[in-house]
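Student:
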Amino acid sequence: MAKTAVSSRRALARYLLLRLVLIVPTVWILVTVVFFFMRVIGDPITAAQGGRLPAAEIEARKQAAGYNDPVIVQYGRFLWGLLHGDFGRTVDNQSVSAILVRYGPATMELVFWALIVAFAVGVPLGRLAARHYNKGADIAIRSFAVLFYAAPVFFVALLLKLVFSIWLGWLPISGRASPKVQTQLESVGFNTHFYIINALGTGQWGVIKDVLLHAVLPGLALGLLTAGVFIRLIRINLLQTLRADFVTAARARGVAESKVVSQHAFRNALIPVVTVMGMEIAMMLGGAILTETTFEWQGLGYWLSQYLLKRDFVAVQGITTAIAVVVAVASFLIDAINALVDPRVRY
Amino acid sequence: MARSKSRIPGVALIASTHGLQRVMLLVGLVLVAVFLVVALGAPLVAPYGFAEIFPAQLPMSPGHPLGTTVGGFDVLSRIVFGARTAVEVILLAVALSIIVGVPLGVVSGYVAGALDRVLVLIMDAMYAFPSLLLAIVVSIMVSQGRSGAFTGILSAAVAITVVFVPQFFRVTRNATMAAKVEPYVDAARVAGSRPGRIMFGHILPNVSQSIPVLMTLNASESILTLAGLGFLGFGIEPNSAAEWGYDLNKARADIANGIWWTAVFPGLAIVLIVVGVTLIGESLNDVLNPLLRTRGGATTADEAEIAAVVAAGGEDRP
């Protein structure tokens, strides 16, 4: 008995270690794919400055930046830099690492608000749908879930802006804060670049309120998209657990139906939501590019699409690498939590 | 469950559903049928050409039932021709994904070993990455910044393909792994068939059942990806073809001025068609997917859905 416990703990440790090591090839594959895809188009300097500078000047800059070396040499140099935490410099000579530090928190903040919306909307609605299985509420909620899924996040964002900012005038139309508040938040002594943390740090209610109001619509747009997925997952899993033997047993013992749902079935139905969180975070980062562009929310997604339009490949590679690392680490953490929490996970 | 003997796929599909499921399927079929008719007959349906210029930002009127855009395009005509672009991109993208993903999946599942492990690692890495980002990078690479009618549609389709290949790969690979231990494969091997013939003559026809389901599920995602590309400015030039995402991008400034018709109508077009395709996809998934047939045989759509989630959850676990 004790022996099996030890060996299963070893198996768990081995699984987690393997899973951790797998992060490296995953990130490496993505970084490599993006690097070579971008190189097919040409070098960043010609792409960004072509036609605006004389050919000799472009040639000199290319030479200086090392773009005339063989691609494989450039690739090696790029990887070597990454290993040392050097993400390179953009065409307008900014450090990509600095861009990541400055705008990464904005994206995390947006995903955070969106997750709050997704849980607040998705979990209760999914639960309600399962309890009223195949009745009016269920059908209405399922239709909503399909609509949330079918509506492009930027269209939802535009509609929210139209209704709440233009017609009703309740909420700000774009940005992370009003210009004045933004200046104040960017000049605080210890700048975390998380506006809500900086705002809480000032302790002024007006500032906090301004930041919160700006977050409502972007959070809703991105959050509702994810809420649709949560509704479906919770509903289906709750239906499934409500048919499990242990739930029937609880009912047979005379446990009230509301208690059966809340205490016996619901907790088990939450597990699959955790399982898919890794995928959800990847999906939300994709959605963040669109949401940030719509709301001019200056995070990594917004800047990524700006740099893509400017064909600044060094910046694109850097931001993509950062996103790849976040996705890989997040999915590792989710898998690890699952393996630790759910004994049914076999490794 | 008594299954219809009809060989016409649509009829059999409708016959095997009931209640709410049938309503959802029918709604989906109607939406998609309207979409296809509009796409095919675009020049007849649209009042004007998609690149014809009128005074900008006209409100809705008999001459322009849905108004005009900031660029002076007729909104209704752009929506109608946008359906045509969407159909072209979806067909091309799904075809390319199948051509690349399915053979790779069969070979990977059948040959197994190191090749399989490497391919699975690459596909998983691509699958885990934000799909829109991958699509943007690929579309820039293919179009090289120039987006004519054909290159624009091709680059959007290839971009979407890169996102979907891992899915087709994964499904066919897993099905091949399961199929290759079946007696008929052993029989073929004993009879002296070459691996190529076993893979594509014997296994492929048997693992291809799940492809239609994945196709419909992917069709709705390709519409969203195409629109996302257009919205971010990596899509098709407005004079080459009408594209809903591009129109929504241009409508952003209109919203600030309270001009709502340039954004709401193309957006609704996307929502309606994605809802239609999704409804069909889910019904197909419930009815056709062999994974969903439970032991008793008598399945309701919801029991099947539950079985699907269990199967999917089980498959993802290491």
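Quick note, the sequences are listed as chains L and G, same order.
Just so you know, we're using this note's numbering here: the first sequence kicks off at 316 and counts up by one.
Just so you know, we're using this note's numbering here: the second sequence kicks off at -2 and counts up by one.
A virtual CB, placed ideally from N, CA and C, is assigned to each residue, including glycine.
Between the region 606 to 629 of chain L and chain G, which residues of the former have a C-beta closer than 8 Å to a C-beta of the latter?
Tutor: Here the close residues are 608, 609, 619, 620, 623, 624, 626.
Student: For residue 407(L), does the three-state DSSP call read helix, strand or coil?
Tutor: In the structure shown, residue 407(L) sits in coil (DSSP, three-state: anything other than H, G, I, E or B).
Student: Exposed or buried, residue 618(L), counting other C-beta atoms within 10 Å across all chains shown (16 or more means buried)?
Tutor: It counts as buried.
Student: Kindly identify the DSSP beta-bridge partner or partners of residue 65(G).
Tutor: Answer is 71(G).
Student: At a cut of 8 Å, does the region 41 to 60 of chain G reach the region 99 to 113 of chain G through at least three beta carbon pairs?
Tutor: They do not touch, by the three-pair rule.
Student: How should residue 110(G) be labelled, buried or exposed, when 16 other C-beta atoms within 10 angstroms of its C-beta is the threshold for buried?
Tutor: Per the 10 Å Cβ criterion, exposed.
Student: Against chain L, does residue 96(G) count as a neighbour if the rule is that its beta carbon must be under 9 Å from one of theirs?
Tutor: With 9 Å as the cut-off, residue 96(G) does not count as an interface residue toward chain L.
Student: Within 10 Å of its beta-carbon, does residue 424(L) have 16 or more other beta-carbons around it, so buried, or fewer, so exposed?
Tutor: That one is buried.
Student: May I ask you to verify whether the region 225 to 241 of chain G touches the region 164 to 183 of chain G, counting CB pairs closer than 8 Å and requiring at least 3?
Tutor: No contact exists between the region 225 to 241 of chain G and the region 164 to 183 of chain G.
Student: Taking only three categories from DSSP, how would you classify residue 552(L)?
Tutor: In this structure, residue 552(L) counts as helix in the three-state DSSP scheme.
Student: Listing by chain order, which chain G residues have their CB less than 9 Å from the CB of residue 642(L)?
Tutor: Within 9 Å Cβ-Cβ: 125, 126, 127.
Student: For residue 113(G), I'd like the list of residues in its chain whose CB is within less than 6 Å of its CB, leaving aside the five on either flank, ordered along the chain.
Tutor: Here the set comprises 105.
Student: Can you find a C-beta in chain L that's less than 9 Å from the C-beta of residue 292(G)?
Tutor: At residue 292(G), the pLDDT of 36 sits below 50, so the modelled position is not reliable; the number obtained from the coordinates is stated separately. Answer no: the Cβ-Cβ gap between residue 292(G) and chain L never drops below 9 Å.
Student: Count Cβ pairs between the region 549 to 565 of chain L and the region 627 to 646 of chain L that sit closer than 8 Å; are there 3 or more?
Tutor: They do not touch, by the three-pair rule.
Student: With 9 Å as the threshold, decide whether the Cβ of residue 69(G) is near any Cβ in chain L.
Tutor: No, residue 69(G) lies away from the interface with chain L (no Cβ there is under 9 Å from its Cβ).
Student: Using only the alpha-carbon positions, how far apart do residue 482(L) and residue 255(G) sit?
Tutor: Cα to Cα, residue 482(L) sits roughly 8 Å from residue 255(G).
Student: The region 434 to 462 of chain L: which residues have C-beta closer than 8 Å to a C-beta of chain G, in chain order?
Tutor: Answer set for the region 434 to 462 of chain L: 448, 449, 454, 461, 462.
Student: For residue 521(L) and residue 32(G), what's the separation of their Cα atoms in angstroms?
Tutor: The straight-line gap from Cα to Cα measures roughly 49 Å.
Student: Nearest chain L C-beta to residue 276(G) closer than 9 Å, yes or no?
Tutor: For residue 276(G), the answer is yes, since a Cβ of chain L falls inside 9 Å of its Cβ.
Student: Are the C-beta of residue 349(L) and some C-beta of chain G separated by less than 9 Å?
Tutor: Yes, because at least one Cβ of chain G sits closer than 9 Å to the Cβ of residue 349(L).
Student: By the 10 Å Cβ neighbour count, where 16 or more other Cβ atoms means buried, how is residue 383(L) classified, buried or exposed?
Tutor: With fewer than 16 Cβ atoms within 10 Å of its Cβ, residue 383(L) is classed as exposed.
Student: To the nearest angstrom, report how far apart residue 547(L) and residue 356(L) are at their CA atoms.
Tutor: For residue 547(L) and residue 356(L), the distance between alpha carbons rounds to 41 Å.
Student: Determine the burial state of residue 470(L): buried for a count of at least 16 other Cβ atoms within 10 Å of its Cβ, exposed for fewer.
Tutor: Result: buried.
Student: Consider the Cβ of residue 76(G): report whether some Cβ of chain L lies at a distance smaller than 9 Å.
Tutor: No, residue 76(G) does not count as interfacial toward chain L.
Student: Taking C-beta to C-beta, are residue 196(G) and residue 95(G) nearer than 9 Å?
Tutor: No, these two residues do not count as a Cβ contact at 9 Å.
Student: Take residue 28(G) and list the residues in its own chain whose beta-carbon comes closer than 7 Å to its own, dropping the five residues that flank it on each side.
Tutor: These residues qualify, in order along the chain: 269, 270, 272, 273.
Student: Are the region 522 to 532 of chain L and the region 408 to 420 of chain L touching, with three or more C-beta to C-beta distances below 8 Å?
Tutor: In short, these stretches do not touch, since the Cβ pair count stays below three.
Student: Using 10 angstroms around the beta-carbon of residue 325(L), count the other beta-carbons present and answer buried if the total reaches 16, otherwise exposed.
Tutor: With fewer than 16 Cβ atoms within 10 Å of its Cβ, residue 325(L) is classed as exposed.
Student: Would a C-beta distance cut-off of 9 Å place residue 260(G) and residue 281(G) closer than the cut-off?
Tutor: Not in contact: residue 260(G) and residue 281(G) (Cβ atoms no closer than 9 Å).
Student: To the nearest angstrom, how far is the alpha carbon of residue 485(L) from that of residue 654(L)?
Tutor: Spanning the two alpha carbons is a distance of roughly 45 Å.
Student: Strictly below 9 Å CB to CB, what residues from chain G border residue 585(L)?
Tutor: Going along chain G, no residue has its Cβ under 9 Å from residue 585(L), so there is no contact; the nearest lies around 13 Å.
Student: Does the region 149 to 163 of chain G come into contact with the region 116 to 134 of chain G, if we say contact requires no fewer than three beta-carbon pairs (one atom in each stretch) closer than 8 Å?
Tutor: The region 149 to 163 of chain G is in contact with the region 116 to 134 of chain G.
Student: Roughly how far, in whole angstroms, is the beta-carbon of residue 252(G) from the beta-carbon of residue 473(L), given that I think they are within contact range, below 8 Å?
Tutor: About 5 Å; that satisfies the 8 Å criterion.
Student: Assuming contact is defined by CB atoms lying nearer than 9 Å, are residue 545(L) and residue 438(L) in contact in what I supplied?
Tutor: Their beta carbons are under 9 Å apart, which means residue 545(L) touches residue 438(L) by this criterion.
Student: So, using beta-carbon positions, are residue 184(G) and residue 594(L) closer together than 9 Å?
Tutor: No; because the gap between Cβ atoms is not below 9 Å, this pair is not in contact.
Student: Does the distance from the CB of residue 640(L) to the CB of residue 342(L) come in under 9 Å?
Tutor: Yes, these two residues count as a Cβ contact at 9 Å.
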